[in-house]
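In this note's numbering, the protein residues as written are 1 to 625. A virtual CB, placed ideally from N, CA and C, is assigned to each residue, including glycine. See structure below.
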Amino acid sequence: MTFSALNFYASQKYNISSWWDRQVGLAKDAAISAMLICKMIPKNNLSDVFLPYIIETTNTTMGETGANQADFATIQLFWSLAGWENTQEDKYIQYMLASLSAMNELCYIVDRTGVEHGEGISSDYSISQHNPKNGTVYCSQLYTCSYGTVLLSNIFSFIKNLSGSLNLAEDAISNLIDELTEGLGWHTYAGMIDIHPQGRAISRGTMSQSGWASWTDILMPYCSSAKQPALLELKKRLQTKDEHNNNIFIGARAFWVNDYLVNFSDKFCFWNKAISTRTAGSETGNGENTKGYYIGNGSYWVTSKGNEYYNIQPVWDWERIPGTTVELHAYPGYPTWPKMEWGSGSWGSHDFVGAISDGTTGVLAMTLSKVHISGARKTNIVSSSQVNCLATCIDTSKTSNTVLTSVAQDLFCGQAVITYFDSTQQVVSDNENITSKTILSVSHNGLTYDFSEYPGQNITVKTANQTGRWSDINTSGSTTPITQNIFSVWINHGKSTSESYGYRIYAHDEMNIDDILTSRSENHHLISSNDKKLLAGTIYQIDPGTKFSLYGGITLEPLSATSFVAKADDSELKITSTDISQKGKQIEFNVSWQKNFSIVTQRVCFPVQTGNEAGRSTTLTIKFQ
Numbered sequence: 001m002t003f004s005a006l007n008f009y010a011s012q013k014y015n016i017s018s019w020w021d022r023q024v025g026l027a028k029d030a031a032i033s034a035m036l037i038c039k040m041i042p043k044n045n046l047s048d049v050f051l052p053y054i055i056e057t058t059n060t061t062m063g064e065t066g067a068n069q070a071d072f073a074t075i076q077l078f079w080s081l082a083g084w085e086n087t088q089e090d091k092y093i094q095y096m097l098a099s100l101s102a103m104n105e106l107c108y109i110v111d112r113t114g115v116e117h118g119e120g121i122s123s124d125y126s127i128s129q130h131n132p133k134n135g136t137v138y139c140s141q142l143y144t145c146s147y148g149t150v151l152l153s154n155i156f157s158f159i160k161n162l163s164g165s166l167n168l169a170e171d172a173i174s175n176l177i178d179e180l181t182e183g184l185g186w187h188t189y190a191g192m193i194d195i196h197p198q199g200r201a202i203s204r205g206t207m208s209q210s211g212w213a214s215w216t217d218i219l220m221p222y223c224s225s226a227k228q229p230a231l232l233e234l235k236k237r238l239q240t241k242d243e244h245n246n247n248i249f250i251g252a253r254a255f256w257v258n259d260y261l262v263n264f265s266d267k268f269c270f271w272n273k274a275i276s277t278r279t280a281g282s283e284t285g286n287g288e289n290t291k292g293y294y295i296g297n298g299s300y301w302v303t304s305k306g307n308e309y310y311n312i313q314p315v316w317d318w319e320r321i322p323g324t325t326v327e328l329h330a331y332p333g334y335p336t337w338p339k340m341e342w343g344s345g346s347w348g349s350h351d352f353v354g355a356i357s358d359g360t361t362g363v364l365a366m367t368l369s370k371v372h373i374s375g376a377r378k379t380n381i382v383s384s385s386q387v388n389c390l391a392t393c394i395d396t397s398k399t400s401n402t403v404l405t406s407v408a409q410d411l412f413c414g415q416a417v418i419t420y421f422d423s424t425q426q427v428v429s430d431n432e433n434i435t436s437k438t439i440l441s442v443s444h445n446g447l448t449y450d451f452s453e454y455p456g457q458n459i460t461v462k463t464a465n466q467t468g469r470w471s472d473i474n475t476s477g478s479t480t481p482i483t484q485n486i487f488s489v490w491i492n493h494g495k496s497t498s499e500s501y502g503y504r505i506y507a508h509d510e511m512n513i514d515d516i517l518t519s520r521s522e523n524h525h526l527i528s529s530n531d532k533k534l535l536a537g538t539i540y541q542i543d544p545g546t547k548f549s550l551y552g553g554i555t556l557e558p559l560s561a562t563s564f565v566a567k568a569d570d571s572e573l574k575i576t577s578t579d580i581s582q583k584g585k586q587i588e589f590n591v592s593w594q595k596n597f598s599i600v601t602q603r604v605c606f607p608v609q610t611g612n613e614a615g616r617s618t619t620l621t622i623k624f625q
């Protein structure tokens, strides 16, 4: 009989190498089987062997967090229901209520310094898991679309199948609505899921949005009228993969817990991840993601159609992840890639790293030293029409091999066009490799990579077949060779203490790209609009007395190293900023303007954000009266 099989399973006390298979996979199958047969077998047939074993090995008091705790809570619900039906003992009702309580807690914001060490739903609605410990600090690891979706799937199974006093609390469900509309919904665009929040799951194949739309249906009965439009828009985006006429998931969103910036427009999406002394890039584990060493090192993915990276992982050159600056073949132990077992060693080198946004304009800034490259200051600034990528102070003097900054690496759509500074153009087809210091821009698959503001950069454009195997990045993957035609753009660097770069990305048919200019020095990376109503970027180091001009004769004098967005009109100036180092520093600016033929100066002091809010940007308004 089936209960004999369950007792046999329990008596074996399997000790297989995979923790998940042992504690979750097998345990869930066994608990579901017990629940299905509990009414059809004699009373107490499960109480001698099976129930004592599974109570001891899979329960919600074992110290698990996030998705793992959600798995345990789900399994505990199954075996407690089976235990109650088979024994009628009240303790199983208590176990059932305990599983509900544990699942309820998983819906709330997790304390970054609490017992979970930040694993779970964060205050910025990103989801973290497997946060590695660097000395005394647990570094947050972005995992919204892997462990996070497992967590959410388990939670939604509770909401869907339970009711009344056995369902989750109203405020817990309300927080889930925010998690979908303020978090998860920003990780997918035109049917593509960002690679960053997938963690090591990127080596398993391109993830789907299976179940996400049904979650919006489950939440709708609990949703206020104010939040319903966002849920409905998310469902439409998930089902149609159409980003046009989207007025809700639009603009820039900063995830300050995980040093992560997202920008959506109706023409393309930009996902950008940095690492700091507080955050991790990615992890290796169970033989997965064996080449993810540079993920998060300023990496970005930009998509307009949603197909640019579909199953590209086996053939990708993982030393040329877009946005990263890398010395080729320089990592320790080459050609063996360095292991980041469960995130160890994947954190950043500096604390001056962070993302801010006022909703439409965003900034991600990073200082990074990696292998033999040191001190790189990299800033990406997003606005409604474009992305500006700026970097200075890249010290390559200790490198021995080629150093490059990757601009693009995606599936070749069949044609690219190079425009040179003399206005001539060149069509790039299959198997071409072009290097020049006179390239003004490169257009491919609806996007343009524009180098016009910084002439003389040594740029390579390449199209070539690249071959690899899933087993190259996942020891459990297929060993069958795969070949794809790949389009790549990168900037070649020299050997010096002060390498730099500058370029912008925009939709190929975008008509308003010339209204933004950049300013780049060792100590600041900025963009400004032609009408001077916008100024945004990062101040890496204060140059005493340096002031920046804005619309209407306004001057802005940063008094602190930080990122900011400033927007002016005739009546007011709005400044968005925070202490991106998250060290509890006071961020200050002097703002001056003319009033009644005299100059008025006001000191603007941003509130010091601490705890879960550390790094969250604030917008302050100065009225000109």
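Within the DSSP secondary-structure output, Gln409 pairs in a beta bridge with Ser488.
Annotation for Tyr309: Asp410 place their beta carbon closer than 6 Å to its own, counting only its chain and skipping 5 residues before and after.
In this structure, Glu613 is the residue among Gln12, Leu526 and Glu613 with its C-alpha nearest to the C-alpha of Thr578. DSSP places Asp450 within a strand segment (E or B) once states are collapsed to three. Ranked by Cα distance from Val461, the options Ala254, Ile575, Tyr454 and Asp450 are led by Asp450. Selection Gly468, Asn492 and Gly348 evaluated against Val137 yields Gly348 as nearest (Cα-Cα). Residues Asn131 and Tyr138 of the same chain have their beta carbon placed closer than 6 Å to that of His117, with the five preceding and five following residues left out of the count. Shown here, Ala464 sits in a strand according to DSSP, grouped into three states. For Leu81, the uninterrupted alpha helix (DSSP H) run begins and ends at Gly66 to Thr87, by DSSP.
Rounded to the nearest whole angstrom, the C-alpha separation of Gly199 and Gly281 is 8 Å.
In this structure, Ser276 lies away from Asp194, with their beta-carbon atoms at least 8 Å apart. If you compare the alpha carbons of Gly354, Glu341, Thr419 and Val403 with that of Lys370, the shortest gap goes to Val403.
For the pair of segments examined, the region 415–423 was found to touch the region 434–445: the number of CB pairs separated by less than 8 Å reaches three. For Thr58, there is no enclosing alpha helix (DSSP H), as DSSP marks it with neither H nor E. Glu572 and Phe624 do touch by the CB rule: their CB atoms are close to 6 Å apart, below 8 Å. In the DSSP assignment, Trp347 is bridged to Ala280. In the structure shown, Gly296 adopts coil according to DSSP, grouped into three states. When Ser101, Val427, Ile295 and Lys305 are compared, the shortest CA-CA separation from Gln313 is found for Ile295. Note on Gly477: 16 or more other CB atoms within 10 angstroms of its CB, so buried under the neighbour-count rule.
Annotated as proximal: Ala355 and Ala254, with beta-carbon spacing under 8 Å.
Residue pairing for Pro558: DSSP places it in a beta bridge opposite Phe589. Counting along the chain, Met103 sits inside the alpha helix (DSSP H) bounded by residues Lys91 to Glu105. The alpha-carbon of Asn289 is positioned some 19 Å away from that of Leu328.
In summary, Pro558 is buried, with 16 or more beta-carbon neighbours lying within 10 Å of its beta-carbon over all protein chains present.
Runs of beta strand (DSSP E) with 3 or more residues, each lying fully within the region 349–383, are found at 354–357, 362–370 and 373–382, listed in chain order. By the 16-neighbour rule on beta-carbons within 10 angstroms, Gln141 is buried. By a beta-carbon distance limit of 8 Å, Ala568 contacts Leu550. Their separation comes to about 5 Å.
The alpha-carbon separation between Pro481 and Gly205 amounts to approximately 15 Å. The C-beta distance from Thr181 to Leu234 rounds to 6 Å, short enough to fall under 8 Å.
Taking the Cα of Ile155 as reference, the smallest distance to any Cα among Ala102, Lys39, Ala190 and Ser423 is reached at Ala102. The residue among Asn161, Tyr92, Val315 and Ile93 with its C-alpha nearest the C-alpha of Ile202 is Val315. In this structure, the beta-carbon distance from Gly191 to Gln129 does not fall below 8 Å. Within the same chain, and ignoring the five residues on either side of Lys574 in sequence, the residues whose Cβ sits closer than 6 Å to its Cβ are Lys567, Thr619 and Thr621.
Under DSSP, Trp301 shares a beta bridge with Trp271. Distance from the Cα of Leu97 is smallest, within the candidate group Ile54, Leu81 and Asp111, for Leu81. Taking a contact as a CB-CB distance under 8 Å, the pair Phe412 and Ile491 does not count as one, their CB atoms being some 19 Å apart.
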